[in-house]
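Here is the structure we will look at, set down as structure tokens.
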Amino acid sequence: MRRLFFLFIIMVFICGCTGMPEKFTSSQDAFQYISDRENGFISDTLLPSQVKINVQVLPSVLIQKTNNPTLIKYFNVQFSYQGNELLAQLPSEDYGTYVQLFSFGMDQKIYLIDKNGKSYYPSMINYQPSYKAGRSNDLLVVFDEELPDDDLKLSIDEFGLNLGRLNFSVNKEQLNYKPFIDKF
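Residue numbers (the working numbering): 172 to 355.
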């Protein structure tokens, strides 16, 4: 019996130490926390073609810079090829077409799917071209509707580069994470 009690105490201690922080001193500290892969806010995949896609959940307090954020959910989706922008690797005659697609057409290619198969499309996707000066092509994907209370998948449909359909698991706890930040 005594052994079970000590085992229980150890389990409570371990579980209590693994939660996400409720408070940060600054927004830089919070960004550093969510940028550490071990904390689970980033998922990525490296395709056989050496194209790398990162998906990062961005807590709304960091984007809206308020400790009373709205229900809006944010993701940063990055596309790269060997450490450089994916689109910069395209032939010059295709580059403009894909910049146009990233700027105005990805809202039909990226969406969330719940466990019942219902799709939730973003209210906005922001792409700021860096004209071959960045390490990746970054999309800020914004969802402003009520989402179900289970884990979701972020899906990216094939959009012409033969990457296929990509699915990334989204943890609901991280999606709803609202730490308090002392100084923005």
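Ideal Cβ positions, reconstructed from N, Cα and C, are used throughout, including at glycine. These figures come from a predicted structure and were not determined experimentally.
Residues near residue i in its chain [Cβ-Cβ closer than 8 Å; skip 5 each side]
| i | result |
| --- | --- |
| G276 | F330 |
| R336 | S326, I327, D328 and E329 |
| V183 | Because the pLDDT at V183 is just 46, under 50, the model does not fix this residue reliably, and the value given afterwards should be weighed accordingly. Excluding sequence neighbours, V183 sits near nothing in its chain. |
| C188 | Residue confidence is low: C188 scores 49 on pLDDT, short of 50, so the model does not pin down where it sits. Its coordinate-derived value is still stated next. So no residue of the chain qualifies. |
Residue i - DSSP class collapsed to helix/strand/coil
| i | result |
| --- | --- |
| T196 | strand |
| S365 | No answer is possible for residue 365: the residues shown for the chain start at 172 and end at 355. |
| C186 | Residue placement at C186 cannot be trusted, given a pLDDT of 44 that sits under 50; the coordinates are not used to answer. |
| S307 | coil |
| L346 | helix |
| M191 | coil |
| I243 | coil |
| S290 | strand |
| N338 | strand |
| S263 | helix |
| L272 | helix |
| R330 | For clarity, residue 330 is Phe in the given sequence; the question names Arg instead. Three-state result, F330: coil. |
| Y302 | coil |
| F177 | Residue placement at F177 is poorly supported in this model, since its pLDDT is 45, which falls under 50; the coordinates are not used for a value here. |
Residues near residue i in its chain [Cβ-Cβ closer than 7 Å; skip 5 each side]
| i | result |
| --- | --- |
| L334 | L218 and V222 |
| S251 | K223, L257, R306 and S307 |
| D322 | S340, V341, N342 and K343 |
| Q253 | Q221 |
Own chain residues within Cβ distance below 6 Å of residue i, not counting five before or after
| i | result |
| --- | --- |
| I181 | Residue placement at I181 is poorly supported in this model, since its pLDDT is 48, which falls under 50; the coordinates are not used for a value here. |
| K236 | F355 |
| F351 | K194 and N238 |
| M295 | V313 |
| P300 | V270 |
For residue i, the residue or residues it bridges with in DSSP
| i | result |
| --- | --- |
| T216 | I224 |
| F355 | DSSP, once it has assigned bridges, lists no residue as partnering F355. |
| E256 | S251 |
| K236 | Answer is none; K236 lacks a bridge partner. |
| L283 | Y291 and L325 |
| N210 | The partner list for N210 (beta bridge, DSSP) is empty, contrary to what the question assumes. |
Cβ-heavy atom distance, residue i to the ligand GTP, below 7 Å
| i | result |
| --- | --- |
| A201 | Ligands are entirely absent from the displayed structure, and the ligand GTP is therefore not among its contents. |
(request) Would you check if the segment 310-326 and the segment 268-285 touch, i.e. whether three or more CB-CB distances between them fall below 8 Å? (result) Touching, per the Cβ criterion.
(request) Determine contact between the segment 224-233 and the segment 197-213, defined as no fewer than three beta-carbon pairs at a distance below 8 Å. (result) Yes, the segment 224-233 is in contact with the segment 197-213.
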